[in-house]
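Numbered per the working numbering, the sequence shown spans residues 1267 to 1370. Just below is one structure, and these are the notes that go with it.
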Amino acid sequence: GRSGSNPRKLVGDDPGPHNFVLYSSRDGIHWDEGIVLMSRLQTPGGGDCYSANEVIGKYDPATPKRLLIHSDVSYAGAKTNMHQWWVTTTPWASQAQASGTAQD
1267 GRSGSNPRKL
1277 VGDDPGPHNF
1287 VLYSSRDGIH
1297 WDEGIVLMSR
1307 LQTPGGGDCY
1317 SANEVIGKYD
1327 PATPKRLLIH
1337 SDVSYAGAKT
1347 NMHQWWVTTT
1357 PWASQAQASG
1367 TAQD
């Protein structure tokens, strides 16, 4: 996946552009609509998010791989809080995709 803030139009309860968004892709070319991790509406400091991510467990075959996203999110001018999200795959999602029952 990738994170960022692709220009988004305000649709329904979607917070519009300038958010911290996580996108995913099976091939690295065609990306989904993304999931808003931090809305600019939640960050009165302007919505700036500086992030880094790392796959945890990639060097240990006995450890399930998980993606750690670490971000500094502004809340008042230059003041920031740190946020972390874990992204994991679930066995049922992988099995559903393998059997052809998952919806794209």
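Positions of the beta carbon are idealized from the N, C-alpha and C atoms, including for glycine. All values derive from a computational prediction rather than experimental measurement.
query                                                                         : result
Per-residue DSSP class, three states only, for residue 1306                   : helix
CB of residue 1335 within 8 Å of CB of residue 1347, strictly                 : no
Proximity to residue 1317 [Cα-Cα], best of 1290, 1326, 1329, 1286             : 1286
Minimum C-alpha distance to residue 1342 - residue among 1306, 1327, 1332     : 1306
Collapsed DSSP secondary structure at residue 1325 in the structure displayed : coil
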